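These protein sequence lines map, in sequence, to chains V and G.
Under this note's numbering, the first residue of the first sequence carries the number 123, and numbering increases by one thereafter.
Under this note's numbering, the first residue of the second sequence carries the number 27, and numbering increases by one thereafter.
Structure, as structure tokens:
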Amino acid sequence: MSSAPADPPGTASARKLLFVDHDALERSAVADYLRECGYQVVEAVSAAEAQTVLRAHADDFDIAFVALDLPGDTDGFALAHWIREHATGTRVLLAATAEKAAKLAGTLCEDGPHLRKPYETQSLLDWIKRLRAPKSD
Amino acid sequence: MEVAAIEATQNACAILIVDDAIDTRTAVGEFLRTCGYRVFEAANADEALALLNSPLEIEVLLTDVQMPGSMNGIALARWVRITRPRLRVLVLSGQDVSAQLAGEDVPFCSKPLQSAALLAALPPAATARA
């Protein structure tokens with residue numbers, strides 16, 4: 123499976139990325155990172171939310187980034203199957219761990235962001251760990 | 027994204043929007059991002075608490091009222107007023123919840139949201155952090 127986006131992020135022809143993960147901290151960190159890379163990201167917390175979005179707007183999404191361990195009756199594998207049947211233009215990237223998610227996001231962002239070069243996936247992992255740390259105040 | 031744009035995003039006023047309706051959450055989030063805000067999203071109060079207890083420097087909380095989970099939006103707003111007195115809170119509701127918010131000093135915006143009213147209730151997108 124190629125992980126390169128169909129269009130460079132930030133271009134007029136680039137479509138949206140659907141990010142499905144029930145872990146608010148990891149989802150927020152990775153989604154925020156991908157937005158810095160120029161992607162327009164829609165966040166879904168469950169397979170049900172992802173299906174709601176794709177039923178209405180399947181053509182809008184190039185890529186669905188799906189965590190395997192989704193809660194409820196439909197886990198990441200089942201959601202990936204559903205997307206391949208019902209949103210054929212949307213490619214699925216499955217992530218099983220935060221490390222895997224960070225690596226995939228880093229691959230998607232190979233052209234950016236440009237603030238801190240190289241913006242390595244380790245930075246993203248560190249960011250997730252910082253978010254998980256207790257607030258200092 | 028250009029360096030200046032990334033820096034602007036990272037220095038922008040950070041808003042947390044809490045709504046279990048993905049269409050509303052996404053639409054409001056995208057609108058506020060186009061206005062220059064840095065927006066984080068939560069689908070319920072439990073997710074909101076996780077993000078508020080993280081090192082993210084959330085400056086404004088926008089919360090729906092009716093949500094599943096351990097707290098509804100009113101309870102979340104009260105919790106924030108007690109534990110994060112410097113954080114600005116705005117309740118979004120399709121119903122008049124002013125009675126429920128009596129004495130809380132928490133404003134609310136009526137749904138469906140009007141963009142001008144929403145922006146008027148928010149601090150500027152570009153804020154200079156101390």
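Note that beta-carbon positions come from the ideal geometry of N, C-alpha and C, so glycine has one too.
Fair warning: this is a prediction, and the values are worked out from it, not measured in the lab.
Take residue i and list the residues in its own chain whose beta-carbon comes closer than 6 Å to its own, dropping the five residues that flank it on each side.
i         : result
Ala40(G)  : Arg64, Glu83, Ile84 and Glu85
Pro149(G) : Cys39
Arg213(V) : Ile185
Counting only the same chain and skipping the five closest in sequence on each side, list residues whose C-beta sits under 7 Å from that of residue i.
i         : result
Ala143(G) : Cys135
Taking C-beta to C-beta, are residue i and residue j nearer than 8 Å?
i         : j         : result
Leu216(V) : Val188(V) : yes
Leu156(V) : Leu253(V) : no
Ala224(V) : Ile250(V) : yes
Val106(G) : Leu113(G) : yes
Leu176(V) : Ala220(V) : no
Pro133(G) : Leu116(G) : yes
Ala147(G) : Gly62(G)  : no
Val163(V) : Ala153(V) : yes
With burial defined as no fewer than 16 other Cβ atoms inside 10 Å of the residue's Cβ, what is the status of residue i: buried or exposed?
i         : result
Ala151(V) : buried
Thr52(G)  : buried
Gly160(V) : buried
Lys138(V) : buried
Ala202(V) : buried
Phe199(V) : exposed
Thr243(V) : buried
Ala156(G) : For Ala156(G), the predicted model reports a pLDDT of 41, less than 50, meaning its position is unreliable; a value from the coordinates is still stated below. Classification of Ala156(G): exposed, given that the 10 Å Cβ count is below 16.
Gly55(G)  : buried
Ala74(G)  : buried
Pick out whichever of the options has its Cα sitting closest to the Cα of residue i.
i         : options                                       : result
Glu165(V) : Asp45(G), Thr109(G), Ala38(G) and Cys61(G)    : Asp45(G)
Gln121(G) : Pro138(G), Glu56(G) and Pro94(G)              : Pro138(G)
Asn98(G)  : Asp72(G), Gly129(G) and Cys61(G)              : Asp72(G)
Asp90(G)  : Glu67(G), Arg110(G) and Thr109(G)             : Glu67(G)
Leu118(G) : Leu87(G), Thr109(G) and Pro111(G)             : Leu87(G)
Ala169(V) : Asp191(V), Ala153(V) and Ile185(V)            : Asp191(V)
Ala128(G) : Val54(G), Ala74(G), Ala103(G) and Leu77(G)    : Ala103(G)
Ile43(G)  : Leu77(G), Asn37(G), Ala101(G) and Glu130(G)   : Leu77(G)
Gln140(G) : Asn37(G), Leu58(G) and Ala38(G)               : Leu58(G)
Ala180(V) : Pro193(V), Glu207(V) and Val167(V)            : Glu207(V)
Lys257(V) : Gly95(G), Val54(G), Thr109(G) and Ala101(G)   : Thr109(G)
Glu171(V) : Ala255(V), His144(V), Arg213(V) and Thr243(V) : His144(V)
Ala209(V) : Gln162(V), Val167(V), Ala218(V) and Thr174(V) : Thr174(V)
Ala186(V) : Thr196(V), Phe141(V), Val167(V) and Gln244(V) : Phe141(V)
Please list, in chain order, all residues of the same chain as residue i whose beta carbon is under 8 Å from its beta carbon, the five residues on each side excluded.
i        : result
Ile48(G) : Ala69
Taking beta-carbon pairs under 7 Å, can you tell me which members of the region 68 to 87 of chain G lie near chain V? Taking 7 Å as the Cβ-Cβ cut-off against chain V, the residues of the region 68 to 87 of chain G that qualify are Ala68, Ala69, Glu73, Ala76, Leu77, Asn79, Ser80, Pro81 and Leu82.
Any C-beta of chain V within less than 9 Å: which residues of the region 89 to 116 of chain G qualify? Of all residues in the region 89 to 116 of chain G, none has a Cβ within less than 9 Å of some Cβ in chain V.
Exercise for review: Quick one: which residues of the region 50 to 70 of chain G get their C-beta closer than 7 Å to a C-beta of chain V? List them in chain order.
Suggested key: If the cut-off is 7 Å between Cβ atoms, the region 50 to 70 of chain G has Thr52, Phe66, Glu67, Ala68 and Ala69 near chain V.
Quick one, which residues of the region 161 to 192 of chain V are near chain G if we go by CB-CB under 7 Å, in chain order? Cβ contacts with chain G come from Val164, Glu165, Ala166, Val167, Glu171, Thr174 and Val175.
| field | Near-chain V residues of the region 37 to 49 of chain G - C-beta to any C-beta below 7 Å | value | Residues passing the 7 Å Cβ filter: Ile48.
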